[in-house]
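A.B. asks: For the record, the sequence lines run as chains A and B.
Each residue of the first sequence is one higher than the one before, starting from 1 at the first, in the numbering used here.
Each residue of the second sequence is one higher than the one before, starting from 1001 at the first, in the numbering used here.
Number of protein chains: 2
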Amino acid sequence: MKIGVIGLGLIGGSVALSLRKNRPSVQLYGADKSSLHLQQALELNLVDCELSKDQWSQMDVLFLAIPVDATVKLLPQVLEGVSSSTLVIDMGSTKAAIVEAVAQHPRRDQFLAAHPIAGTEFSGPQAAFEGLFEGKITILCDAEKTAASSREKGIELLEAMHMRLIYMDAAAHDLHVAYVSHLSHVSSFMLGQTVLDMEKNPETIVELAGSGFASTVRLAKSSAAMWAPIFQQNKRHVLKALYAYIGHLNTFADALEAEDTDQLLELMKKANQIKPILEGMAQNGN
Amino acid sequence: MKIGVIGLGLIGGSVALSLRKNRPSVQLYGADKSSLHLQQALELNLVDCELSKDQWSQMDVLFLAIPVDATVKLLPQVLEGVSSSTLVIDMGSTKAAIVEAVAQHPRRDQFLAAHPIAGTEFSGPQAAFEGLFEGKITILCDAEKTAASSREKGIELLEAMHMRLIYMDAAAHDLHVAYVSHLSHVSSFMLGQTVLDMEKNPETIVELAGSGFASTVRLAKSSAAMWAPIFQQNKRHVLKALYAYIGHLNTFADALEAEDTDQLLELMKKANQIKPILEGMAQNGN
């Protein structure tokens, strides 16, 4: 089986490594718009050889693991360029704009929209690792629009990578991930900036901050180039989540300003209800 | 050496366990206003026996590891009740109100104000563990107001627990921790609440959220009873930090609303500067 991976960063590189482990017979072709990343991916043995555009049609499956704005542009061209039996799977963190981009495409049924809930704050081929998707949820969106045979081929391959698959429509996906993923990233990016603004001497942070700070600000290390298009494609939901968050922060500030101990306690105790949810996630291996 | 610990939760319990390991000859006395926690602490062998008020004067060192509002009330009474050679150390997360509460106390020089930058989101005697302070920073505030002999006794004991000691005045301490600790807690508490508000079915969060969400919201599990007085005692600085954070979130929202990609990228790239700081913290073992 010939598998192509376009975009050899954390996600694409980890797809290649996972396939190499779980499907040792596959031949892996890779492409990246950065010649440095392509070279690194070949050196790290993520893929066997370079994938050129005119080889797209030779692929049995082609993964797109590039920023979501690039996916919207490239996906229709990829569908044009593949054979009538190639399955194309995208791995982006937004889904509505991507499925919309190919809604009328004659080869829409060769495309499967996927979002693996897996990642780290690192990026590039060197951040890729074999076990990234192990036991992790992957959301398949609007999967009924993929032809049954292609869908089954995709499911079989994703399950071989030990992803746990769930199904959702693209609009619902984008709404939920705005709250449970995208908002966390905004909160962390801006928390990082607030502290950097205040603490002019980085040594002070290094000395005084503890594991709680590190935990809340970890995502501020994430790739700006990857996240800007995600926020923009999911603008409506992200803004709604962000304004709700700002509203809660203002409520907290008001309670503190008014020295309303009861309300402060109530706000925090409500938030404590996240505890069983985090325990459930840990049990699930999220 | 007889050592008393008032408050047998995560911090006090871990003090007892660390002393038991690193100073096996100490006799450990403990008190907790919750009879359940006291019983648990005795069963878990955190301390050897109960500490009653009339035994305060027999202690060589007495640790206070109780909520900071309780510390402000109890500390003057404790100083009254101890002997003239007892050292009293508090372990609270705020410092200005605590040192202020005993500024004029005739036994001020028997008191050492300490803040270990160590903790977890768990609380109670069962959350205590021996290695909590291992290699962690502890800030000693206004240490010049402690008599030299008492201060040296305290330093010797804290260093035996493998804390790394740094010195700061109480006002500066409260300002810095508002940014590098207290703000992280507010951000996490309110992030938890925002997501709980939106996602009425906890299963959705369990299914869809990943490690990034878990990381940013972990502190929302923290004890409300412990944190309300911290926020209140450090109200001025916490509000300043919180308003700065809300300001940055609004700037981000405005840039997203205006589809200003350049500004979004700039905001995130600025936040990326937290990366070497987090690496420095990891190297330090924070």
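Just so you know, even glycine gets a beta-carbon here, dropped at the ideal spot from N, CA and C.
Is there contact between the region 125-136 of chain A and the region 13-24 of chain A, where contact requires at least three CB pairs shorter than 8 Å?
C.D. replies: Yes, the region 125-136 of chain A is in contact with the region 13-24 of chain A.
A.B. asks: Listing by chain order, which chain B residues have their CB less than 8 Å from the CB of A/Glu199?
C.D. replies: Within the first sequence, numbered from 1, the residue matching residue 199 of chain A stands at position 199. Chain B residues near A/Glu199: His1176, Tyr1179 and Val1180.
A.B. asks: With distances taken from CA atoms, which of B/Glu1080, B/Asp1174 and B/Ser1222 is nearest B/Ser1057?
C.D. replies: The residue given as residue 1057 of chain B occupies position 57 in the second sequence. Comparing Cα positions, the closest option is B/Glu1080.
A.B. asks: Do A/Leu10 and A/Ala127 have their C-beta atoms closer together than 7 Å?
C.D. replies: By 1-based counting over the first sequence, the position of residue 10 of chain A is 10. By 1-based counting over the first sequence, the position of residue 127 of chain A is 127. Yes, these two residues count as a Cβ contact at 7 Å.
A.B. asks: What beta strand (DSSP E) runs, 3 residues minimum, are completely inside the region 1011-1081 of chain B?
C.D. replies: Complete beta strand (DSSP E) runs here, min 3: 1027-1031 and 1061-1064.
A.B. asks: Kindly indicate which three-state DSSP category B/Val1238 falls into: helix, strand or coil?
C.D. replies: Mapped onto the second sequence, residue 1238 of chain B falls at position 238. Residue state, collapsed to three classes: helix.
A.B. asks: Have a look at A/Leu265 and B/Ile1230 and give me their C-alpha separation to the nearest angstrom.
C.D. replies: In the first sequence, the residue the question calls residue 265 of chain A occupies position 265. In the second sequence, the residue the question calls residue 1230 of chain B occupies position 230. In a straight line, the C-alpha of A/Leu265 is about 12 Å away from that of B/Ile1230.
A.B. asks: For the beta strand (DSSP E) that contains A/Phe111, what are its first and last residues?
C.D. replies: As a working mapping, residue 111 of chain A is identified with position 111 in the first sequence. Phe111 to Pro116 is the span of the beta strand (DSSP E), which, as asked, contains A/Phe111.
A.B. asks: Compute the distance between the beta-carbons of B/Leu1191 and A/Ser85, then report whether it is under 7 Å.
C.D. replies: Start at 1 with the first residue of the second sequence, and residue 1191 of chain B comes out as number 191. Start at 1 with the first residue of the first sequence, and residue 85 of chain A comes out as number 85. No; because the gap between Cβ atoms is not below 7 Å, this pair is not in contact.
A.B. asks: Could you tell me whether the Cβ of B/Ser1215 comes closer than 7 Å to any Cβ of chain A?
C.D. replies: The residue you call residue 1215 of chain B lines up with position 215 of the second sequence. At least one chain A Cβ lies under 7 Å of B/Ser1215.
A.B. asks: Assign A/Val5 to one of three DSSP states: helix, strand, or coil.
C.D. replies: Working through the first sequence from its first residue, we reach residue 5 of chain A at position 5. Reduced to three states, the DSSP call for A/Val5 is strand.
A.B. asks: Just list the residues that DSSP pairs A/Met168 with in beta bridges.
C.D. replies: By one-based count along the first sequence, residue 168 of chain A stands at place 168. Beta-bridge pairing links A/Met168 to A/Cys141.
A.B. asks: Report, in whole angstroms, the separation of the C-beta atoms of B/Glu1050 and B/Ala1070, which I expect to be a contact under 8 Å.
C.D. replies: Your numbering for residue 1050 of chain B matches position 50 in the second sequence. Your numbering for residue 1070 of chain B matches position 70 in the second sequence. Their Cβ separation, rounded to whole angstroms, is 18 Å, which puts B/Glu1050 and B/Ala1070 out of contact at 8 Å.
A.B. asks: Apart from the five residues on each side of it in sequence, which residues of its chain come closer than 7 Å, Cβ to Cβ, to B/Ile1098?
C.D. replies: Working through the second sequence from its first residue, we reach residue 1098 of chain B at position 98. Contacts found: Val1068, Thr1071, Val1072, Leu1075, Asp1090, Gly1092 and Ala1113.
A.B. asks: So which of A/Asn22, A/Asn234 and A/Ser181 has the shortest CA-CA distance to B/Val1217?
C.D. replies: Residue mapping note: residue 1217 of chain B aligns to position 217 of the second sequence, counting from 1. Cα-wise, what sits closest to B/Val1217 is A/Ser181.
A.B. asks: Taking Cβ to Cβ, would you say A/His176 is nearer than 7 Å to B/Leu1208?
C.D. replies: Stepping through the first sequence from its first residue, residue 176 of chain A is reached at position 176. Stepping through the second sequence from its first residue, residue 1208 of chain B is reached at position 208. In this structure, B/Leu1208 lies closer than 7 Å to A/His176 by Cβ.
A.B. asks: What are the uninterrupted segments assigned as beta strand (DSSP E) that are 3 or more residues long and contained completely in the region 1174-1209 of chain B, given in chain order?
C.D. replies: Complete beta strand (DSSP E) runs here, min 3: none at all.
A.B. asks: Just to confirm, are A/Tyr167 and A/Ala143 a CB contact at a threshold of 7 Å?
C.D. replies: Counting from one through the first sequence, the residue named residue 167 of chain A turns up at place 167. Counting from one through the first sequence, the residue named residue 143 of chain A turns up at place 143. Going by C-beta atoms, A/Tyr167 is nearer than 7 Å to A/Ala143.
A.B. asks: Quick one, which residues of the region 220-249 of chain A are near chain B if we go by CB-CB under 9 Å, in chain order?
C.D. replies: Answer set for the region 220-249 of chain A: Ala220, Lys221, Ser222, Ser223, Ala224, Ala225, Trp227, Ala228, Pro229, Phe231, Gln232, Lys235, Val238, Leu239, Lys240, Ala241, Leu242, Tyr243, Ala244, Tyr245, Ile246, Gly247, His248 and Leu249.
A.B. asks: When you compare only the Cα positions, how much space is there between B/Met1059 and B/Ser1034?
C.D. replies: Position 59 of the second sequence, counting from 1, holds the residue named residue 1059 of chain B. Position 34 of the second sequence, counting from 1, holds the residue named residue 1034 of chain B. Taking the straight line joining both Cα atoms gives about 21 Å.
A.B. asks: Could you tell me the distance, in whole angstroms, from the CA atom of A/Leu62 to the CA atom of A/Ile6?
C.D. replies: The sequence position of residue 62 of chain A within the first sequence is 62, counting from 1. The sequence position of residue 6 of chain A within the first sequence is 6, counting from 1. When rounded, the distance between both Cα atoms is 7 Å.
A.B. asks: Could you check which residue in B/Glu1159, B/Glu1043, B/Pro1106 and B/Tyr1179 has the C-alpha nearest to that of A/Thr194?
C.D. replies: Here the question's residue 194 of chain A lines up with position 194 in the first sequence. Selected option, being the one with the closest Cα: B/Tyr1179.
A.B. asks: Using the beta-carbon of each residue, which ones in chain B are nearer than 7 Å to A/Met281?
C.D. replies: Here the question's residue 281 of chain A lines up with position 281 in the first sequence. Under the 7 Å cutoff, chain B gives Val1206, Ala1209 and Ala1214.
A.B. asks: What is the rounded straight-line gap between the Cα of B/Lys1153 and the Cα of B/Leu1042?
C.D. replies: For this step, residue 1153 of chain B is matched to residue 153 along the second sequence. For this step, residue 1042 of chain B is matched to residue 42 along the second sequence. Their backbone Cα atoms lie some 26 Å apart in a straight line.
A.B. asks: What residues from the region 1182-1198 of chain B come within 9 Å of chain A, judged by C-beta to C-beta, listed N to C?
C.D. replies: Result list: Leu1183, Ser1184, His1185, Val1186, Ser1187, Ser1188, Phe1189, Met1190, Leu1191, Gly1192, Gln1193, Thr1194, Val1195, Leu1196, Asp1197 and Met1198.
A.B. asks: List the endpoints of the continuous beta strand (DSSP E) containing A/Leu87.
C.D. replies: In the first sequence, the residue the question calls residue 87 of chain A occupies position 87. Taken as a continuous stretch (DSSP letters only), the beta strand (DSSP E) holding A/Leu87 covers Leu87 to Asp90.
A.B. asks: Could you check which residue in A/Arg107, A/Ile155 and A/Ala160 has the C-alpha nearest to that of A/Pro24?
C.D. replies: Mapped onto the first sequence, residue 24 of chain A falls at position 24. The option with the nearest alpha carbon to A/Pro24 is A/Ala160.
A.B. asks: Please report the straight-line C-alpha distance between B/Thr1251 and B/Gly1280, rounded to a whole angstrom.
C.D. replies: By one-based count along the second sequence, residue 1251 of chain B stands at place 251. By one-based count along the second sequence, residue 1280 of chain B stands at place 280. Cα to Cα, the separation comes out at about 28 Å.
A.B. asks: For a contact defined as C-beta to C-beta under 9 Å, what are the partners of B/Lys1133 on chain A?
C.D. replies: Sequence index remark: in the second sequence, residue 1133 of chain B carries index 133 (1-based). The question names Lys, yet the displayed sequence has Phe at residue 1133 of chain B. Within 9 Å Cβ-Cβ: nothing; B/Phe1133 doesn't reach chain A, min ~11 Å.
A.B. asks: Put A/Glu259 into one of helix, strand or coil per three-state DSSP.
C.D. replies: Counting from 1 along the first sequence, the entry for residue 259 of chain A is found at position 259. The answer is coil: DSSP assigns A/Glu259 none of H, G, I, E or B.
A.B. asks: Short of 8 Å Cβ to Cβ, which residues in the region 1136-1150 of chain B face chain A?
C.D. replies: Cβ contacts with chain A: Lys1136, Ile1137 and Ile1139.
A.B. asks: Do A/Ala271 and B/Ala1220 count as a contact pair if the criterion is CB distance below 7 Å?
C.D. replies: Start at 1 with the first residue of the second sequence, and residue 1220 of chain B comes out as number 220. Start at 1 with the first residue of the first sequence, and residue 271 of chain A comes out as number 271. Taking 7 Å as the Cβ cut-off, B/Ala1220 and A/Ala271 qualify as a contacting pair.
A.B. asks: Taking the Cβ atom as the reference point for each residue, do B/Met1001 and A/Ala224 lie within a distance shorter than 7 Å?
C.D. replies: Here residue 1001 of chain B corresponds to residue number 1 of the second sequence, with the count starting at 1. Here residue 224 of chain A corresponds to residue number 224 of the first sequence, with the count starting at 1. Not in contact: B/Met1001 and A/Ala224 (Cβ atoms no closer than 7 Å).
A.B. asks: For chain B, check one thing: does any of its Cβ atoms lie closer than 7 Å to the Cβ of A/Thr261?
C.D. replies: Within the first sequence, numbered from 1, the residue matching residue 261 of chain A stands at position 261. Output row for A/Thr261: interface = yes.
A.B. asks: Looking at A/Leu242: is its Cβ nearer than 7 Å to the Cβ of A/Ser150?
C.D. replies: Along the first sequence, one-based indexing puts residue 242 of chain A at 242. Along the first sequence, one-based indexing puts residue 150 of chain A at 150. No, the pair does not count as a contact, with Cβ atoms beyond the cut-off.
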